[in-house]
Amino acid sequence: MKLNSDRNDWEVVKDLGDRVLFVGLNQSVSVSAAELNLRPNSIYFADDSVDLMHKSVFKEPYFSDRLHFRDKRASGGHDFGVFDLKDGRVTGSFGWEIVFFIALVLENLCLSTFNIEELTYCTKNVPTRFAKKYLHGVPDSIQLEVSGGKQWTVHCVRVNVLRVMDRLNGSASLVIVSDLDYTMVDHDDTENLALLRFNALWEAYYRHDSLLVFSTGRSPTIYKQLRKEKPLLTPDITVLSVGTEIIYGESMIPDSDWEQLLNKNWNRNIVTEETAKYPELSLQSETEQRPHKVSFYVEKVHALKITKALSESLQQRGLDVKIIYSGGIALDVLPQGAGKGQALAYLIKKFQTYGKPPLSTLVCGDSGNDAELFSVPKVYGVMVSNAQEELLEWHAENAKSNPNIIHASERCAAAIIQAIGYFHLGPSISPRDVSDFSECKDGSFNPGHEVVMFYSFYERWRRGEVQKTEQSIQKLRLSFYPLGIIVHPSGFEQPLHQYIDGVERSYGDKQGTQFRVWLDRVSSAQIGVDIWLVKFDKWELSGKPCLVYAMYCNILQSLFVTLCTSEAFVSGLGDFDSTQNGFNFFLYLIMLA
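Take 1 as the starting number for the sequence shown in the UniProt record's numbering and just add one per residue.
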């Protein structure tokens, strides 16, 4: 298939009309629309396909022919990119030209309606000189006609729920939707033990086929601050500001469709005018005032009276709002269609639209603004043992007879683990809760599980929490490939067996300290009959300078086998605040089952 920039030749683009073209800086691949339950007669552009490729989510058939992207306007004409897609694998090398090609497609197809300077495709890490010229402000969809007046729609899909779902091969096995403060995060647990237990459980058993959603009243600003203070995993989706903002992935890309829905019968200026009439209301910080949320502090004794009067006055002025009181102090005014429950219902509907409804959903909360989560149909729910009075009262009045909602006996993240076991949603024994790692198996081979188990052992070894016996040392040695090497930043190569000697000598060197290791974003893809590619972030809490490791490893008969490690010093990497003794580690592993 050859695409040329002469206007008469662009009708060949229609051949992409029933396919999804995923475009990233380093890879591009298509999937049939039928597989993703997408609309016909549409051309989809999406960014960041690298992770999608690594997850092996793409199915045959791909493009059968080599693709040539040719711009005849350039002097003499030349191909922008040439690549093959064979057997579900990308071969060849290509980069910015793929993005540039998108701009050319949009320019030629939409020239009569849009100026090229107004068109954009927001793909990650696009070189600045091309981004400035071509990639600034493309609408979410562009209606156009090609070839005989046939209607097509170009959808510029950014990192959103489409990509989140395509990280999985099918429906999410489990979706956990959790509040943060005093639900996932126990601010009274200074060592974050329950949170670390959940982290290990999630990365070992669930990350590869499930979705993690944080649903919090925090604004983006103070959510990011929490991530610097606590060992939080990276969620697939984050619902912020009491359900008024939905963002996707690590890049925190907002859902513009959700924002548009909330504009109905909402006027922030009118809300501020009416709330100014109540001196009992004290505005929260500027960071907590959002486009679809106005937030106050008010004493509990005044809350009910103000809520009723304010609702009536805003309704009289033509607004349809929702007022939520939580934590015995916080009052939020939102659009009627907003809230944690509505945001979750919106996401579930999107999952269903893509033909991938989650198999199970567990919602978790502790306060009044979490109540709506438990009202979403067909979800399991857990109120943590430390749940606040307003949530317990709501449960007693509205959901006491619902067997799928429990009041846990455990606090915070430990309650989430308890609920997973209670409802039989999957494994509920965290790798941090077992002394013999062979007990922590689910009967199937999972590379992510092996990596989590190794680093659980590594932490205990350094903390001196496992016995230093000849047997344990032998197990450690068998865990590494003896012919491997370590490449240091200077280029110095060290035989791996010497590195193992150093690990052996490090036994107990963190005893009595708060040294902890946890993994995040563990993902794996089978790239050969017995070969796996595993990618994850490794974090350490120990009070030393930040390091980045790139490690290539094998798993052979469930033994962790290191082939090569390279190490480099960095500063200011990741979200975790280095002043809080945080380490951000990125590890790339090739593993053999």
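Built from N, CA and C at the ideal position, the CB exists for glycine as well.
Burial is judged here by how many other beta carbons sit within 10 angstroms of a residue's own beta carbon; G381 has at least 16 and is buried.
Straight across, the Cα-Cα distance linking K228 with I222 is about 10 Å. Secondary structure of H407 (DSSP, three-state): strand. Around the Cβ of A396, a 10 Å sphere holds fewer than 16 other Cβ atoms; the residue is exposed.
The continuous beta strand (DSSP E) containing V321 extends over residues 321-326. In this structure, the CA atom of P220 is about 24 Å from the CA atom of T361.
With respect to the C-alpha of R516, the residue from K535, S295, R432 having the closest C-alpha is R432. A direct Cα-to-Cα measurement between F374 and K475 gives close to 46 Å.
Note that the stretch 187-206 does not touch the stretch 262-273; fewer than 3 beta-carbon pairs, one per stretch, sit closer than 8 Å. For E288, there is no enclosing beta strand (DSSP E), as DSSP marks it with neither H nor E. Excluding the 5 residues flanking it on each side, K468 has same chain C-beta neighbours closer than 7 Å at Y507, in chain order. For the pair S178 and V213, the Cα-to-Cα distance works out to about 6 Å. With respect to the C-alpha of C412, the residue from L195, V376, N404 having the closest C-alpha is L195. For W518, DSSP records a beta bridge to W539.
The stretch 318-333 makes contact with the stretch 293-304: 3 or more CB pairs, one atom from each, lie closer than 8 Å. Of all C-beta pairs linking the stretch 353-369 to the stretch 181-198, three or more are shorter than 8 Å, placing the two stretches in contact. Per DSSP, the beta bridge partners of M383 are G365, H407.
Using a Cβ-Cβ distance cut-off of 8 Å, the stretch 249-259 and the stretch 303-310 are not in contact, since fewer than three pairs of beta carbons, one from each stretch, lie closer than that value. The beta carbon of L319 is closer than 8 Å to those of N265, W266, N267, I270, V271 in its chain, skipping five residues each way along the sequence. Apart from sequence neighbours up to five positions away, the residues of its chain that approach Y346 with a beta-carbon distance below 7 Å are W258, ordered along the chain.
If the five residues before and after L519 are omitted, its C-beta is found closer than 8 Å to the C-beta atoms of N199, A200, E203, V451, V452, Y455, F536, D537, K538, W539, all from its own chain and listed in chain order. In this structure, the beta-carbon distance from G512 to K356 does not fall below 8 Å. In this structure, the straight-line span from the alpha carbon of Q514 to that of A414 is close to 20 Å. In the three-state DSSP reduction, I247 falls in the strand class (E or B). Judged by their CB atoms, V185 and K230 are nearer to each other than the 8 Å cut-off. Residue pairing for P377: DSSP places it in no beta bridge. Shown here, D433 sits in a helix according to DSSP, grouped into three states. Rounded to whole angstroms, the Cβ separation of V242 and K340 is 7 Å, and the two are in contact under 8 Å.
Taking each of R477, I429, G502 in turn and checking the Cα distance to R462, the smallest one comes out for G502.
When DSSP reads this structure, P254 sits in a beta bridge with I247.
Residue burial annotation: Q342 is buried, with at least 16 other C-beta atoms found within 10 angstroms of its C-beta. Burial state of Q498 is exposed, judged by a 10 Å Cβ sphere holding fewer than 16 other Cβ atoms. Under the 10 Å beta carbon count, E286 is surrounded by fewer than 16 other beta carbons and is classified as exposed. Each of D236, S435, E280, Y248 was checked against the Cα of L174, and the nearest Cα belongs to D236. L314 sits buried, since 16 or more C-beta atoms from the chains shown fall within 10 Å of its C-beta. Between H292 and P335, the C-beta spacing is below 8 Å.
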